[in-house]
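Below is one structure, written out as structure tokens, with a few remarks after it.
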Amino acid sequence: MEKTYQPQSIEQPIYQRWEKSGAFSPQGSGEPFSVMIPPPNVTGTLHMGHAFQHTLMDAMIRRERMKGKRTLWQPGTDHAGIATQMVVERQLQAENLTRHDLGRENFIEKVWEWKAKSGGTISDQMRVMGDSVAWDKERFTMDPGMSAAVQEVFVRLFDEGIIYRGQRLVNWDPVLHTAISDLEVISEEENGFMWYFRYPLADDVKTAEGKDYIVVATTRPETMFGDEAVAVAPDDERYKDLVGKEIILPLANRRIPIIADDYVDKEFGTGCVKITPAHDFNDNEVGKRHNLPLTNIFTDDAAINDIAPEKYRGLDRFDARKVVVEDFEALGLLEKIDDHKLKVPRGDRGNAVIEPYLTNQWYVAVESLAQPAIKAVEDGDINFVPKQWENTYFAWMKDLQDWCISRQLWWGHQIPAWYDADGKVYVAHSEEAVREKYQLADSVVLTRDNDVLDTWFSASLWTFATQGWPEKTEDFMLFSESDVLVTGFDIIFFWVARMIMMTLKFTDNIPFKTIYITGLIRDERGDKMSKSKGNVIDPLDLINGIDLDSLVAKRTSGMMQPRLAEKVAKATRDTYPDGIQAYGTDALRFTLCSLASGGRDIKFDLNRLEGYRNFCNKIWNATRYVLMNTEEFDCGQNGGDYELSVADRWIISKLQKTEVAVNQAFETHRYDLAAQALYEFMWHEYCDWYLELSKPVLWDENSTDKQLLGTRRTLVRVLEAFLRLAHPMMPFLTEEIWQKVAPMAAIKAADDEQTIMLASYPEADVEKMDETAEADIEWIKSVIEGIRNIRGEMNIAPSKALPILLRNGSEQDYVRLQDNKVFLQKLAKLEAIQWLAQGESAPMSATALVGEMEVLVPMAGLIDKEAEIGRLQKELDKALKDLQRIEGKLGNEGFIAKAPEAVVAKEKEKLADLTSIVAKLKEQKDSIEAL
RNA sequence: AGGACUAUAGCUCAGUUGGUUAGAGCGCCACCUUGACAUGGUGGAGGUCAGCAGUUCGAAUCUGCUUAGUCCUACCA
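According to our numbering, the stretch in the first sequence is residues 17 to 947, in order.
Written out as structure tokens, the structure is:
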């Protein structure tokens, strides 16, 4: 073995072996366990969120697979309507073409070409992550099976009246020319203006103040062509008399009424609101209440249409805004302009300002679907982890809007609806099916709806459509009710809720039993990672490493503003002055597991990753030690008599406890605790103590064959079990080592290939827990640590062998000493150990206490008197502080009376111990001072 | 505006149903290249658990308020 752990040389060859072996696909006939991957966007690349979620999914799947379950981790990607269409359109743009130049059919062909060539990026990256997904079952939301399921669902929902077509305001992206759902609109505060316009009153009416106009405030002057009323609050004294009167809409020279509506807040602005029912969601509601006409003033590009006076026609909305304001000013109707912060809605893909726009769209009426979906979570059929996310889910579900599912794109599932010449709509799987279903004559000309479905529509069918639905296939029966969904909170609405609704509707079953919501990985400063901020960390760079210049180049590429690029470059150089080292997949995975504590936000800390890379190296080197001492020898593979030392029994006992802790942590989705238990065991028990305790046995010429066999056997077997225990989190390293260690531990996997993936997952054996051995080792550790403390504090060279004396020990101490002398001598580097009988005198010494027993290190020539007094004083102060606290507690009558007996007894015991410690320390200090 | 969450060592975070001497990793200080490992070993320093009040024999843990920060939802034209 190499002297240090080199991840890059072991990982990918192992993955290739795994994938070839077929072990990723469901095995055997055990109980099914399935996890459906949240299908990543086919245009996407692996980001930290994926790496995090995939690591957890893979850890679960690997563990269940090792436990003998018939596991399926279903992979696949989603077709990402807008994103994919944009990618391909951008390619066309480079050739000065638009999709319209190609036509729909040719364009879609182009998209498929792109997918074949570039759509596999994320799959390749998943292989680097070690994801044990069933590649032979990989699905794509546009593949034939999924498409058939989508059609089936659409037709059924339409026939039931749950899907309908309606004309209403939608969020319109005037650049991408499509409707988007309200979830895809991001409203952020931006700086803008508030314009105050005078709207002249008609028929010589005057306000209470005697003015012949009223003033409305607006952030969107260009929409004034669509104004159908001016609203005031019903109880607003200022305008009470004007309700029912009319104003003359300037520029358009139309008469519109003044109405009273509760929607108006009389404290805000002037108390007068212009109402534009076709271009504002709130105004639309007001318009409905007052039967106002819907006057659309925009084209699909959000330019002014022919409703407006000629001068404004064809002007883009923002140009129109300028002209309108100028014209108001020219007419003397501009009262004032204030700076104003407002929320501007933008599309999450193209970033264009979204327009509320009147169009015909397809909707899903969600109410009947929502009820069972709420109930499934209320009844506990579906559980959120952490539980608090239920609230988020309920809050949204109970205030659900109908879901706009049509998109004016070319890439996606085209809606299976046809229209006749009169615009009557027919829905079925194909034109042929339509004619049959609705008994239409061949002479009736039908044209298909151009729109496609929202990508999330197909994604919502993921758990069952991937398993063969609507056929009741074996896969469908076994796996479609999956066990755990792992995802981020940002798509609870987009995906999780919709998946629950659709799955309950069409399979009468839940899509998953548990929803594990992960935290969001942020950068080292706690900022959300985003390309535009240039603070993205690519998980592959953590695995493979990247030099500083490449990292800077990567982060600043494609940045529009050079100034921003400069800032990003500087921040990157400050944070990663040496670039990023290659830490390997296992270290990254273990780090991610250790961060999975249920918190909402996770700051990614490179130091943590480095620490766990070092942990990998620790495991690697522990293995080297084990192999060096066992490879050439009998380790009990074929039986043979052996004898276990106290250290052997201790580490075996600790292993059982670790197995309990790790399994429990997995069951409760506390991957951080599992990681911590593994780390603690391997580093601080196995390496720090057990390996050291094995040396005196292995290197002692007087050790018997039975003792040697016992220790070698334990060394190998405990390591082997640890590897299986850790495998779900660090698959590559454990496989690599296991190949060498398992045969020596006489452990075999369930398959011919002999991969740790199919070896059994360790379960604790209560019989092997050994409290006596643990107490004995605790005693040994206390003695050694006492001596090491004196060495450390007194600056005694580690190479200097010390004589020690033991005083005031009990019979048990004596027995323990006799049994473990060698361990003490070796690990504390002792030259001699002398047991003092009661009353026997000792030379002046530094003291450590192990219970009642005093461990004495003679000071002669080694230890400075003052230093030892100082050290004792420090210990004394600490003990006295504790003593005081406990005395206070026990002096409290309420405590004695009301606390449980066990607690009181424990405090009393502590008091006794501390009293004795204090007395001994004092005595020791006094006698040294008396010198 | 409503709701949720967070606040523990210099940094990143654990801390189960209230009973601790409040832990870990990284960082820091001192010593050490001994035959698994300097991606290491040994020892050590470091915390009024955001603040205030309350419940309790007992609070990092439960309740209320305050402060600071984050997020979500709804938004004022």
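By construction, the Cβ of each residue, glycine as well, lies at the ideal position given by its N, Cα and C atoms.
Which partner residues of residue i appear in the DSSP bridge assignment?
i           : result
residue 248 : 276, 288
residue 841 : The partner list for residue 841 (beta bridge, DSSP) is empty, contrary to what the question assumes.
residue 371 : 188
residue 262 : 273
residue 355 : 209
residue 13  : There is no way to answer for residue 13, as the model of the chain reaches only from 17 to 947.
residue 59  : Beta-bridge pairing links residue 59 to no other residue.
residue 870 : 823, 865
residue 502 : 532
residue 619 : 538
From residue i to residue j, what does the alpha carbon distance come to, in whole angstroms?
i           : j           : result
residue 267 : residue 197 : 34 Å
residue 723 : residue 944 : 44 Å
residue 245 : residue 299 : 10 Å
residue 48  : residue 478 : 18 Å
residue 541 : residue 69  : 21 Å
residue 417 : residue 208 : 29 Å
residue 715 : residue 726 : 14 Å
residue 217 : residue 425 : 45 Å
residue 27  : residue 87  : 23 Å
residue 645 : residue 729 : 11 Å
residue 228 : residue 274 : 14 Å
residue 908 : residue 915 : 11 Å
residue 701 : residue 643 : 18 Å
residue 706 : residue 77  : 31 Å
residue 259 : residue 276 : 6 Å
residue 147 : residue 709 : 38 Å
residue 663 : residue 149 : 41 Å
residue 29  : residue 751 : 11 Å
residue 680 : residue 673 : 11 Å
residue 913 : residue 780 : 40 Å
residue 577 : residue 548 : 10 Å
residue 528 : residue 636 : 38 Å
Measure how close the beta-carbons of residue i and residue j come, nearest whole angstrom, since I'm counting them as under 8 Å.
i           : j           : result
residue 161 : residue 58  : Between residue 58 and residue 161 the Cβ distance is about 16 Å, and since that is not below 8 Å, they are no contact.
residue 826 : residue 790 : Contact flag wrong, Cβ pair sits at about 18 Å.
residue 353 : residue 242 : Not really, about 21 Å apart at Cβ, beyond 8 Å.
residue 16  : residue 924 : Given that the chain is displayed from residue 17 to residue 947, the structure contains no residue 16 and the question cannot be resolved.
residue 499 : residue 534 : The Cβ separation is near 16 Å, so there is no contact.
residue 786 : residue 857 : Rounded, the Cβ-Cβ distance is 38 Å, inconsistent with contact.
residue 12  : residue 72  : The structure shown does not extend to residue 12, since the chain is modelled only from 17 through 947, so no value can be given for it.
residue 475 : residue 55  : 6 Å
residue 844 : residue 887 : With 8 Å as the limit, residue 844 and residue 887 do not qualify as a contact, their Cβ atoms being about 17 Å apart.
residue 94  : residue 471 : 6 Å
With burial defined as no fewer than 16 other Cβ atoms inside 10 Å of the residue's Cβ, what is the status of residue i: buried or exposed?
i           : result
residue 346 : exposed
residue 606 : buried
residue 865 : buried
residue 461 : exposed
residue 686 : buried
residue 850 : exposed
residue 289 : buried
residue 25  : exposed
Tell me which same chain residues have a C-beta within less than 7 Å of the C-beta of residue i, skipping the five on either side of it?
i           : result
residue 186 : 195, 373, 375, 377, 420
residue 896 : 934
residue 331 : 319, 320, 339
residue 463 : 434, 435
Please return the same chain residues whose Cβ sits closer than 8 Å to the Cβ of residue i, not counting the five positions on each side in sequence.
i           : result
residue 639 : 17, 735, 753, 756, 757
residue 567 : 557, 588, 592, 595, 596
residue 351 : 212, 213, 214, 231
Can you find the residues in the same chain that come closer than 6 Å, C-beta to C-beta, to residue i, ignoring five residues on each side of it along the sequence?
i           : result
residue 597 : 561
residue 611 : 618
residue 336 : 238, 320, 328
residue 473 : 421
residue 926 : 902
residue 173 : 179
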